[in-house]
Structure formats: structure tokens, C-alpha cells
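Colleague: These protein sequences, in sequence, are chains A and D. As numbered in the UniProt record's numbering, residues 1 to 144 make up the first sequence, in order. As numbered in the UniProt record's numbering, residues 1 to 437 make up the second sequence, in order. Positions of the beta carbon are idealized from the N, C-alpha and C atoms, including for glycine. Source: prediction; values computed, not measured. First, the structure itself, so that you have it in front of you.
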Amino acid sequence: MKYMLIMRTTAEALEASKDLDFEKIINDMGAYNESMITAGVLIGGDGLADAAEGFVVDFSAEAPVVTDGPYGEVHELFNGFWIVQVSSAEEALEWAKRAPLGAGTKLEVRRITDESDFEDFADNEYLQKEKEWRAEEHARAAGE
Amino acid sequence: MSEAGGGAVADPGGGSGEPGGGPGPGAEPEAVRRALDAVWRIESVRIVATLAKVTGELPLAEDLAQEAVAEALDRWPASGVPANPGAWLTAVAKRRAIDHWRRRERLDDRHRMLAHELEESAEPEWVPIPDDVLRLVFTACHPVLAREAQVALTLRVVAGLSSEEIARLFLVPVATVQQRIVRAKKTLGAAKVPFESPDPAEWPMRLSAVLGVVYLVFTEGYSATSGERWMRPELADEALRLGRTLAALLPREPEVHGLVALMELQASRFAARTARDGSPVTLDDQDRRLWDRAQIERGRVALARCDALGRGRAAYALQAAIAECHAIAPSVQQTDWERIVVLYEALGRLAPNPVVELNRAVAVSMAVGPASALRIVDRLADEGSLRGSALLPSVRGELLSRLGRDEEARAEFATAEGLTGNEVQRRALRAKRERLG
Numbered sequence: 001m002k003y004m005l006i007m008r009t010t011a012e013a014l015e016a017s018k019d020l021d022f023e024k025i026i027n028d029m030g031a032y033n034e035s036m037i038t039a040g041v042l043i044g045g046d047g048l049a050d051a052a053e054g055f056v057v058d059f060s061a062e063a064p065v066v067t068d069g070p071y072g073e074v075h076e077l078f079n080g081f082w083i084v085q086v087s088s089a090e091e092a093l094e095w096a097k098r099a100p101l102g103a104g105t106k107l108e109v110r111r112i113t114d115e116s117d118f119e120d121f122a123d124n125e126y127l128q129k130e131k132e133w134r135a136e137e138h139a140r141a142a143g144e
Numbered sequence: 001m002s003e004a005g006g007g008a009v010a011d012p013g014g015g016s017g018e019p020g021g022g023p024g025p026g027a028e029p030e031a032v033r034r035a036l037d038a039v040w041r042i043e044s045v046r047i048v049a050t051l052a053k054v055t056g057e058l059p060l061a062e063d064l065a066q067e068a069v070a071e072a073l074d075r076w077p078a079s080g081v082p083a084n085p086g087a088w089l090t091a092v093a094k095r096r097a098i099d100h101w102r103r104r105e106r107l108d109d110r111h112r113m114l115a116h117e118l119e120e121s122a123e124p125e126w127v128p129i130p131d132d133v134l135r136l137v138f139t140a141c142h143p144v145l146a147r148e149a150q151v152a153l154t155l156r157v158v159a160g161l162s163s164e165e166i167a168r169l170f171l172v173p174v175a176t177v178q179q180r181i182v183r184a185k186k187t188l189g190a191a192k193v194p195f196e197s198p199d200p201a202e203w204p205m206r207l208s209a210v211l212g213v214v215y216l217v218f219t220e221g222y223s224a225t226s227g228e229r230w231m232r233p234e235l236a237d238e239a240l241r242l243g244r245t246l247a248a249l250l251p252r253e254p255e256v257h258g259l260v261a262l263m264e265l266q267a268s269r270f271a272a273r274t275a276r277d278g279s280p281v282t283l284d285d286q287d288r289r290l291w292d293r294a295q296i297e298r299g300r301v302a303l304a305r306c307d308a309l310g311r312g313r314a315a316y317a318l319q320a321a322i323a324e325c326h327a328i329a330p331s332v333q334q335t336d337w338e339r340i341v342v343l344y345e346a347l348g349r350l351a352p353n354p355v356v357e358l359n360r361a362v363a364v365s366m367a368v369g370p371a372s373a374l375r376i377v378d379r380l381a382d383e384g385s386l387r388g389s390a391l392l393p394s395v396r397g398e399l400l401s402r403l404g405r406d407e408e409a410r411a412e413f414a415t416a417e418g419l420t421g422n423e424v425q426r427r428a429l430r431a432k433r434e435r436l437g
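Put into C-alpha cells, the structure is as follows:
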């Protein structure tokens, strides 16, 4: 089973982290990633660029409202994620606990859905289409 | 933990918000055991490899490590899972090791020295270098051990699985697994197998044994020889994990990447290989939309890593390349069968094998036509290869039917029906025969 470890950091913690030794952060993170690679559990992951570069599409109003950067009542920013393939929820938790993160940062651990989560809707037209999209996307990528 | 204790899978931390995040004091033993299993999966390699390096004996190291696990099982239900369970286990294992040598201290100086050294060493130093983990892998797959002993010991000490978990994966009694591990340890002891990586002269043979163990675990998951389900993906996942570990430890060995590529590419088809009623679906009939695209990508990356080393493709990488041809093809018809033929030719020369030759014939039938393929199959039949197997007559029947030689085809399908031990396959063959009238 696959889990996503989602990093959430407060804006204050993020600001404070700018005073930290960036090379040390890179090294700690590198060692953590390496331990998961060597254990054969890490299958994906990425960091996210500064939230100020992004924008938010809000669906509260009838027409979606687009705002630059994080906005509104944002207490935590998503900063990055890991995808791990492990044998239990407990193991996902154990890996999450080992992340070299500090105060103000949280890791949310979520199981990634698979086919079995949608068994009851296997014949749904859009789920069928989604499979097509994924397959076409892949065929395109493979053909490049 | 509350009455919701049975829901610990959905709530592995116990939802308690306690430091350490594990089940707290008084937690259900079952929740503690699951937490311990998870910790052990991550910590065992480090602890066992370090103990084995210090003692030079894998069997003793494994015994000491198991004592630490037993102590955790005994104490954690009352005390709660410690904030740093890995350090806790390491400290206990170390204490057990020191006790062990203290008991032997009067016997000789070496033991006194070991105990002293261990007392002086700080636990954070217990980070094995990759070489120690490799020694662990090579010792667990040592040629003095029978294949099933190698498998059990590798899953235990390298993958960090408990006997219960291994038993569940292989559908054998727990006692059987325990017995295999006990015997494996005795054999290693009797043969005085050192805790070492092999010499350069032995390296290729020993590496091939390690890869063989991993692939055996994978194939048992990919096409189960026992149990009610014909696939056990969780077993294949364990093999993949071991393969990825090996690739991290031996990044300069092309065949390690080839094996990982092969396993990723084959596993990418899992969701499509079983129909809703549980019966197998052959490659031709698979809904390719169900293939795991991310996994295919990982397989292709692994194959590219193998190729980037510039030392060519051996047997696993060639099979991976064949799997890749299927993985990137939109349909059976749009598959690059010419390329598959060439890959099978290369594979057949590296490791001549009638099954490979038969697969080449199937590829030839798609690339060139059934008549050319039939010549290959007939030669195999003349040689008496694959006698007693349903494979040859079922392929031959298929080719004959495509050539319009229905009567001969029916006879071949009937022969194959009589030879296969698999009920699902027998039904499929019968259906083919009956379709021919």
C-alpha cells in the first residue's frame, strides 16, 4: 500500500527556517531520503516552490475566484511530499516520525487510493474515461 | 487507546497525541505488536548487521536481536511504545550482547574484549555502513543454505519480517518458518560461514544467488504455486523492496537494476491480471488501462540505469526489455514484435531454455506469421523439450488454428487439457477447442 506524507508548515516556522543552516537542512533531508531509498520504500516525492509563486482558486462564490499566493485563513502551507510503499499504516507512521522536521511543521499521512477503493463504481463512465486518459497520457510519454 | 482499539489500522498512532505517537501504556497487545512489527521492519537491518559485524556471526546476531524483540513485546504493553523505539531496541540488543559475552568471559579473551568494546561504544554509532548490510544479504543467501532457507532468512534479517509475517505471506504454518530459520542458522554455524561479502572470484555466482532469491519471492507472488488466489501482490511487493535495497547498495551492478526493472514492469500489470471473479487474465486480454503507469515508469528508469552502466544486458535486463515492449504498447497488435523476437534470441543465447524458445516462437508468430513460428515449435517437439508440459501443445494448437489446420489444432488443445494442472487454464483450452467446432 502507498501513503503520501504531506509536509505542512506554518508561515512563521517557514520564515524562521530561513535563519537555519540551509546546508544542514539539505544534508539531514538527504540522509532521511537515502534511508528510505535503501529500505526500498521511497517511490516518489517532491518539494513545492514558495507559495507566493502559486495561486489559489476558490470555489466559494458562483464563479471561481483566483488569488495570487496563499490567501485567506491559511495557517499552514503545503511544502512538499513523499510517496512511500510500505506494508502497513504503522510503518508509514514510523517513517513519518523519522523525518528531520522541527517545530511548526506537521506531516499528514494519507493512504493513496487504488482500484479497490472504487470497486463499487467500476462501471462509472468517468472512471472508465479516467483510465483512458491515463493510458493515453502514458502512450504519449512513451512515444517521446 | 479507547474502545476504538480495533481500528488501530486507520489510527496507527492511537490518536493519543502522546510523545512518540505510538500506542501508550496499557495499549492492546495487538496494537503494540503491530507497532513493534513496523519499527522492526525499519530497524532490524541496522541492528542485526551491527551485531553480526561485532560478533562475526549472523546466527548469534539474529538470536540476540530476537531477544530484544521479545523483551519489547513483553514490556511495551505496560510501558507504552517508547518515544524512540529504535534506540530502545538497539540498547536492549546491545545489553543482551554484553551479557552474552560476559557469560563467556572466562572462556577467552576475545569475548572479554568484545564485551568491553561494546560497553564503550555509543549506540548512535550503530549505523552500519552499506558493506555490513551487503554482508548480511550475502550471508543470508549463502550457497550452503537450501533455497527455502535462504528465502526465509533473507526475509527475516534483511526485510525485517517476523516469522508470523513470513508464514502469512507464504501460506505455511508459523512453526515451519521458525524451523527453517533455526535450521538455516545451525547450518551457517556448522559451515562456519563468515560474516563477509564474497571474494571477487566468487562474486558473480554469489550475486546471482542473491538475485535468484529475490526473484523467487517475486515469482511466487506473481504466479502463486499455492493458496486460493493465483497472485499474491503483497509478496511481490516484498521482493520489489528487497530489489530496491540491493539497487541502492550495488548501484554499479547492471543485473540488479535489470531485476528491479523486470519486477516493476511485471508488477505494473497486477491490477489487470485478475478478472473480477478472481480468474487470471492473459496479456492479450488485459485491460491495459489498468496497468500502473507510475510503476512502468519506475521500471523503465531502472532499465535505463542498467543500460547507462554500459556493460550490456544480461538475463534479467533482457526479460525486463521484453516486458517494457509490452508495457509501452497500446495493444497486442501495436506491439513491437520484431524487437521482442530479437530480445528473445539474445536471451536464448545467454541462457538456452525451451520456455524462452517457445516464447520466441509466439513472438515470431506475431512478427512474421504462424508458419515460421510452427517450424520453431516443431523443432522443440522433435527434441523432446517440454515433454509433459501443457505449454508446447497449447502454443502449437494456437499456431495450427491460425493456419486453418483445425483438426490438428483440436488434437493439440486436447493434449494440453490433459497435461495442465491448473483448472482455469484447462477451461480456457477447452473453450478454444470447442470454438474450432
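Ignore the nearest five residues each way along the sequence and tell me which others in D/Leu250's own chain have a CB closer than 6 Å to its CB.
Modeller: The answer, listed in chain order, is Val256.
Colleague: Tell me the DSSP bridge mates of A/Lys2?
Modeller: According to DSSP, which records beta bridges pairwise, A/Lys2 is partnered with A/Gln85.
Colleague: Express the C-alpha separation of A/Leu77 and residue 148 of chain A in angstroms, rounding to a whole number.
Modeller: Chain A is shown only over 1 to 144; residue 148 of chain A falls outside these bounds and no answer can be derived.
Colleague: For D/Ile42, which residues in chain A fall below 8 Å Cβ to Cβ?
Modeller: What D/Ile42 touches in chain A: Ala39, Glu91, Glu94, Trp95 and Arg98.
Colleague: Mind listing, in chain order, the continuous alpha helix (DSSP H) runs of no fewer than 4 residues lying wholly within the region 20-97 of chain D?
Modeller: 29-55 and 58-79, all fully within the region 20-97 of chain D.
Colleague: Can you tell me whether DSSP reads D/Gly212 as helix, strand or coil?
Modeller: In this structure, D/Gly212 counts as helix in the three-state DSSP scheme.
Colleague: How would you call D/Glu264, buried or exposed, if buried means at least 16 neighbouring beta carbons within 10 angstroms?
Modeller: Result: buried.
Colleague: With distances taken from CA atoms, which of D/Leu374, D/Glu417, D/Arg339 and D/Asn422 is nearest D/Leu400?
Modeller: Closest by alpha carbon: D/Leu374.
Colleague: Using three-state DSSP, classify D/Arg183 as helix, strand or coil.
Modeller: Looking at D/Arg183 - three-state DSSP - the assignment turns out to be helix.
Colleague: Do the region 324-331 of chain D and the region 349-361 of chain D make contact, defined as three or more Cβ pairs closer than 8 Å?
Modeller: Because the criterion of three Cβ pairs below 8 Å is not met, the region 324-331 of chain D and the region 349-361 of chain D do not touch.
Colleague: Using a 10 Å radius around the Cβ and a threshold of 16 neighbouring Cβ atoms, would you call A/Ala89 buried or exposed?
Modeller: Per the 10 Å Cβ criterion, buried.
Colleague: Look up D/Pro200 in the DSSP assignment and give the residues it is bridged to.
Modeller: BP columns for D/Pro200 are empty, so no partner.
Colleague: In chain A, which residues lie less than 8 Å from D/Asp336 when you measure between Cβ atoms?
Modeller: Within chain A, no residue comes near D/Asp336; the closest Cβ sits about 11 Å away, beyond 8 Å.
Colleague: Does the separation of the CB atoms of A/Leu93 and A/Met7 fall below 7 Å?
Modeller: The answer is no: Cβ separation not under 7 Å.
Colleague: Taking just the CA atoms, how far does D/Ser394 sit from D/Val424?
Modeller: Their Cα atoms are separated by approximately 14 Å.
Colleague: Compare the C-alpha of D/Leu309 against each of D/Ala302, D/Ala315, D/Tyr344 and D/Pro254 and name the closest.
Modeller: Of the candidates D/Ala302, D/Ala315, D/Tyr344 and D/Pro254, the one whose C-alpha sits nearest the C-alpha of D/Leu309 is D/Pro254.
Colleague: Sorry if obvious, but does the Cβ on D/Leu309 come closer than 6 Å to a heavy atom of the ligand ATP?
Modeller: For the structure depicted, the ligand ATP is absent and the ligand set is empty, with no information on it obtainable.
Colleague: With C-beta atoms as the reference, is D/Pro25 less than 7 Å away from D/Gly80?
Modeller: Cβ atoms of D/Pro25 and D/Gly80: closer than 7 Å.
Colleague: Is it true that the CB of D/Ala167 sits closer than 7 Å to the CB of D/Val182?
Modeller: Taking 7 Å as the Cβ cut-off, D/Val182 and D/Ala167 do not qualify as a contacting pair.
Colleague: Alpha carbon to alpha carbon, how far is D/Ala209 from D/Thr139? Give it in angstroms, no decimals.
Modeller: Rounded to the nearest angstrom, the two C-alpha atoms are 11 Å apart.
Colleague: Give me, in chain order, the residues of the same chain whose beta-carbon lies closer than 6 Å to that of A/Arg110; leave out the 5 immediate sequence neighbours on both sides.
Modeller: Excluding positions up to five away in sequence, the list reads Met4.
Colleague: Which residue's Cα is closest to the Cα of D/Arg289: D/Ala272, D/Gly299 and D/Arg135?
Modeller: It is D/Ala272.
Colleague: Quick one: give me the first and last residue of the alpha helix (DSSP H) that A/Gly30 is part of.
Modeller: Where A/Gly30 is concerned, the enclosing alpha helix (DSSP H) stretches over Phe22 to Thr38.
Colleague: Mind checking D/Ser44: buried by the 16 CB within 10 Å criterion, or exposed?
Modeller: Per the 10 Å Cβ criterion, buried.
Colleague: With a CB to CB cut of under 6 Å and the five nearest residues on each side skipped, what residues in its chain are close to A/Gly143?
Modeller: In this prediction, A/Gly143 scores a pLDDT of 49, lower than 50, which makes its location untrustworthy; no coordinate-derived value is stated.
Colleague: Using 10 angstroms around the beta-carbon of D/Tyr215, count the other beta-carbons present and answer buried if the total reaches 16, otherwise exposed.
Modeller: Buried, by the Cβ-count rule.
Colleague: Drop a sphere of 10 angstroms on the beta-carbon of D/Arg313, count the other beta-carbons inside from all chains shown, and report buried for 16 or more, exposed for fewer.
Modeller: Per the 10 Å Cβ criterion, buried.
Colleague: Tell me the start and end of each unbroken alpha helix (DSSP H) in the region 357-418 of chain D that is at least 4 residues and wholly inside, in chain order.
Modeller: Runs of the alpha helix (DSSP H) inside the region 357-418 of chain D: 370-383 and 391-402.
Colleague: Which residues in chain A have a C-beta closer than 9 Å to the C-beta of D/Ala248? List them in chain order.
Modeller: Glu34, Ile37, Thr38, Ala39 and Gly40, listed in chain order.
Colleague: Compare the beta carbon distance of A/Gly44 and A/Ile83 with 7 Å and say whether it is the shorter of the two.
Modeller: Yes, the pair counts as a contact, with Cβ atoms nearer than the cut-off.
Colleague: Taking A/Thr67 as part of the beta strand (DSSP E), name the residues at either end of that continuous run.
Modeller: First-last of the beta strand (DSSP E) with A/Thr67: Val65 to Asp68.
Colleague: Any contact between the region 139-159 of chain D and the region 182-201 of chain D? By contact I mean 3 or more CB pairs, one from each, below 8 Å.
Modeller: Yes, since at least three Cβ pairs between the region 139-159 of chain D and the region 182-201 of chain D fall closer than 8 Å, the two stretches touch.
Colleague: Can you have a look at A/Ala96 and say buried or exposed, based on whether 16 or more other CB atoms are within 10 angstroms of its CB?
Modeller: Flag for A/Ala96 reads buried.
Colleague: Residues in the same chain with beta-carbon distance under 6 Å from D/Met366, minus the five sequence neighbours each way, listed in chain order, please.
Modeller: Answer for D/Met366: Trp337, listed in chain order.
Colleague: Taking the alpha-carbon of D/Trp291 as reference, which of D/Val260, D/Ala323, D/Val217 and D/Ala72 has the nearest alpha-carbon?
Modeller: Ranking the options by Cα distance to D/Trp291, first place goes to D/Ala323.
Colleague: Give a yes or no on contact between the region 49-66 of chain D and the region 89-96 of chain D, applying the rule of three or more CB pairs nearer than 8 Å.
Modeller: Touching, yes, given that three or more Cβ pairs across the two stretches are closer than 8 Å.
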